[in-house]
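Undergrad: Below: one structure in structure tokens.
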Amino acid sequence: MNAPAIPWTLRPDGEAGPVWRSPANPIIRPGCFEGVLGVFNSAVVPFGNRFAGVFRVETHRRFPKLHTGFSSDGANWHIEPEPLRFATDVADRPAEEYAYDPRVTTIDGRHHVTWCAGDTGPTIGMAWTEDFQAYHRTESAFLPFNRNGVLLPRRVDGHYWMLSRPSDDGHTPFGDIYISRSPDLTHWGHHRLVMKSGGLEHGVWWSSTKIGAGAVPIETPEGWLILYHGVMGLCNGFEYSMGAALLDLEQPWRVRYRARRLLLTPQAPYETTGHVAGVVFPCAALVDDATGRVAIYYGAADTTTCLAFSTLDEIIAWTKDDSVVY
Ligand code: BMA
0 MNAPAIPWTL RPDGEAGPVW RSPANPIIRP GCFEGVLGVF NSAVVPFGNR FAGVFRVETH
60 RRFPKLHTGF SSDGANWHIE PEPLRFATDV ADRPAEEYAY DPRVTTIDGR HHVTWCAGDT
120 GPTIGMAWTE DFQAYHRTES AFLPFNRNGV LLPRRVDGHY WMLSRPSDDG HTPFGDIYIS
180 RSPDLTHWGH HRLVMKSGGL EHGVWWSSTK IGAGAVPIET PEGWLILYHG VMGLCNGFEY
240 SMGAALLDLE QPWRVRYRAR RLLLTPQAPY ETTGHVAGVV FPCAALVDDA TGRVAIYYGA
300 ADTTTCLAFS TLDEIIAWTK DDSVVY
């Protein structure tokens, strides 16, 4: 079966940044089915000759749930109106849990979903699927409170690895990216700090409050490329931007390069207006191996799902040209 072509738009004339937005943005909006107030911070992967994804959907209860979606072109999506249900679960779950900010990582043909689960407080829920119909839930990875759990897409040194951000029970005013490893995707240890939030020490001013992993890391000759979110505290609240860093391929807790300059910050009307103004929140990226084209999926203003584009060469050059020195 042929892999589907990823969405793509040429860089518009006059675009100065390393990443440009899709003219079709927002690609998924409230109202994609009846009663949807927001669909954002969601993750997609190639699935046979099309794409599948797990989406954060909010209805009039504003209680976030995960929904499955399918697309033949990566830009036009059908989102299932019912939240996804787990075919197998672990015991002793609260009666109703919130679930948000999913990531999907394909390892050896199996799609692993990680998300922020309301498991006696926010922490990293885990499930796997092979068909995006039956989801098998396994134990949560960490103790509460934790968010933004993102797996590496292959084993390194025989282990699975997950980036995460220890946090608090609210709108966490701090946060650094850690990595943990596991022999079996159940038992996690060997915890290491990867990157601290920005600020004066690191000169990454736009992420001076907190940072969190975003898209599944992309393997490149220069290291694992991570597209992450960084948060800056402004006088009227938090602002969420997207940045890039490269982690060592064999020792993924070591940062090789970290771009001082952000890749994308809220500027478009759909990023500066919505349920939470001033948020771009990447959760997935598709790469075309032949051309190095990258399609980045991000949530905008906690309301819609959007697409942005670049190439691996451009993002890597941007990251190395003005990097924090470690
Ligand atoms: C974070 C998460 C994200 C959200 C962001 C901005 O703490 O809850 O889901 O996009 O805040 O509101």
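Each residue of the sequence shown is one higher than the one before, counting from 0 in numbering that gives the first Met the number 0. Ideal Cβ placement from N, Cα and C applies to all residues, glycine included.
Is DSSP giving Y269 helix, strand or coil here?
TA: DSSP places Y269 in helix when its eight states are reduced to three.
Undergrad: In whole angstroms, what is the alpha-carbon distance linking S206 and A212?
TA: In a straight line, the C-alpha of S206 is about 12 Å away from that of A212.
Undergrad: Let me make sure I understand the geometry here. Which of K195, R10, R191 and V230 has the alpha-carbon closest to that of S309?
TA: Nearest option by C-alpha distance: R10.
Undergrad: Quick check on this structure: which residue in P268, A316, P121 and L285 has the alpha carbon closest to the alpha carbon of A300?
TA: Checking every option, the nearest Cα to that of A300 belongs to P268.
Undergrad: Whose C-alpha, out of T87, E79, H190 and W127, is nearest the C-alpha of T104?
TA: Ranking T87, E79, H190 and W127 by Cα distance to T104 puts W127 first.
Undergrad: Which residues in the same chain have their Cβ closer than 6 Å to the Cβ of D167, if we skip the five residues on either side of it in sequence?
TA: Taken in chain order, the residues that qualify are F144.
Undergrad: Compute every distance between the C-beta of V278 and the non-hydrogen atoms of the ligand BMA, then say whether any falls below 7 Å.
TA: Result yes, Cβ under 7 Å from the ligand BMA.
Undergrad: Below 7 Å CB to CB, which residues in the same chain sit around T302 once its five sequence neighbours on both sides are set aside?
TA: Same-chain partners within the cutoff: P29, G37, F39, G273 and H274.
Undergrad: Just the C-alpha distance for R153 and Q250, rounded to the nearest angstrom, thanks.
TA: Their backbone Cα atoms lie some 13 Å apart in a straight line.
Undergrad: Only counting runs of 3 or more residues, tell me where the beta strand (DSSP E) segments fall wholly within the stretch 25–113, in order along the chain.
TA: Those beta strand (DSSP E) runs which fall completely within the stretch 25–113 and span 3+ residues are 37–46, 49–57, 64–70, 85–87 and 98–106.
Undergrad: Check this for me: beta carbons of S70 and R102, under 8 Å apart or not?
TA: No.
Undergrad: Would you list the residues sitting across from R146 in a DSSP beta bridge?
TA: For R146, which the question treats as bridged, DSSP gives the partners R164.
Undergrad: Could you check which residue in E218, H201 and I5 has the C-alpha nearest to that of V44?
TA: Out of E218, H201 and I5, I5 has the C-alpha closest to the C-alpha of V44.
Undergrad: Report the rounded CA-to-CA distance for F46 versus Y325, giving the unit in angstroms.
TA: Each residue's alpha carbon lies about 38 Å from the other.
Undergrad: Got a sec? Which residues, its chain only, sit under 6 Å from F173 by beta carbon, not counting five neighbours each side?
TA: Closer than 6 Å at Cβ, skipping near neighbours: K209.
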